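Asks: In the numbering used here, the protein residues as written are 104 to 312.
Each residue gets a CB set at the ideal place from its N, CA and C atoms; glycine is no exception.
The structure displayed is predicted, hence computed values, not measured ones.
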Ligand SMILES: Cc1cc2nc3c(=O)[nH]c(=O)nc-3n(C[C@H](O)[C@H](O)[C@H](O)COP(=O)(O)OP(=O)(O)OC[C@H]3O[C@@H](n4cnc5c(N)ncnc54)[C@H](O)[C@@H]3O)c2cc1C
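#1: Could you work out which residue in 255, 157 and 295 is closest to residue 281 when comparing CA atoms only?
#2: Do you know whose CA, among 306, 271, 241 and 127, lies nearest residue 220's CA?
#3: Beta-carbon distances below 5 Å to any heavy atom of ligand 1 define the shell here; list its residues in chain order, please.
#4: Could you tell me which of 178, 180, 150 and 122 sits nearest to residue 269, measuring between CA atoms?
#5: For residue 119 versus residue 130, is the C-beta spacing smaller than 9 Å?
#6: Whose C-beta lies closer than 7 Å to the C-beta of residue 185 among residues of the same chain, with five residues either side of it excluded?
#7: DSSP three-state label for residue 130, please.
#8: Report yes or no: do three or more beta-carbon pairs, one from the stretch 255 to 262 and one from the stretch 165 to 180, lie closer than 8 Å?
#9: Within this structure, are the beta carbons of residue 128 and residue 265 separated by less than 9 Å?
#10: Under the assumption that residue 222 contacts residue 201 (Cβ atoms under 8 Å), give the Cβ distance between them as a whole number of angstroms.
#11: At what residue ranges does the stretch 144 to 185 contain a whole run of the alpha helix (DSSP H), taking only runs of 4 or more?
#12: Does residue 121 come out as helix, strand or coil in the three-state DSSP assignment?
#13: Between the beta-carbon of residue 187 and the beta-carbon of residue 245, is there less than 9 Å?
#14: Compute the beta-carbon to beta-carbon distance between residue 104 and residue 203, rounded to the nearest angstrom, for a pair I have assumed lies under 8 Å.
#15: Taking the alpha-carbon of residue 256 as reference, which of 213, 243, 198 and 274 has the nearest alpha-carbon?
#16: DSSP on residue 223, reduced to helix/strand/coil?
#17: Go ahead and pull the three-state DSSP assignment for residue 107.
#18: When you compare each of 109, 114 and 249 to residue 136 by their alpha carbons, which one comes out closest?
#19: DSSP three-state call for residue 283: helix, strand or coil?
#20: Given a threshold of 16 other Cβ atoms within 10 Å of its Cβ, counted over all protein chains shown, does residue 194 qualify as buried or as exposed?
Quick look at the structure:
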């Protein structure tokens, strides 16, 4: 975390930027009062030492050499990617949603979106039961549909975001693919639609359950 105004040091820097390089990939996120840089570290990197200021500064300056000597390090944390999904989102009267039901890689930023969609789907199902429009079977259907979104959509899409990140040829192929999508407005819309999980968001009206 840096409070240095990165957009002033790097004119034209987008508020959300992904740098893909087989040697060191990272993401840059502009927050209202700070910038957050997220680096992928080797799995065996010693957890305590990598967050010490000199190590973080070295990582930053290697990634952004033109900013060397001008970056403050306000804070640093590590986290590990997780991929878990509950076998069932419903246990009797207990309904699971969000991170309580699924944890996935942060790549692509989909897990919270998916959790919000879970909450909407549960809310709609409970409303229908409350209004006498559906019976409890609707809960089992929502549980199974929402779980399938994680296993069939969120996890594969999230993993695709980091595919080939450590391999120059695979990375080139992945970036060329993104470039072809970016050059085609119709495919851009489809890409953004699926990247935002809008294709698997709960529909406004669920059929009777
Ligand atoms: C570094 C990072 C970056 C991320 N980036 C993105 C992104 O760009 N886009 C995206 O969609 N997702 C992202 N995520 C994932 C997202 O943050 C989570 O999916 C989301 O915050 C989960 O929300 P939640 O409400 O389900 O769970 P939580 O945010 O974990 O909320 C659960 C709450 O319950 C409370 N609680 C726990 N136990 C109890 C108890 N016994 N009694 C009362 N309260 C309790 C906790 O204190 C907590 O406040 C990111 C995650 C990380 C770690």
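Replies: To lay it out plainly:
#1: 295
#2: 306
#3: 201, 202, 209, 212, 214, 215, 216 and 218
#4: 122
#5: yes
#6: 206
#7: strand
#8: no
#9: yes
#10: 7 Å
#11: 150 to 153 and 156 to 166
#12: strand
#13: no
#14: Not quite, the Cβ-Cβ distance comes to about 27 Å (not below 8 Å), so this is no contact.
#15: 213
#16: helix
#17: coil
#18: 109
#19: helix
#20: exposed
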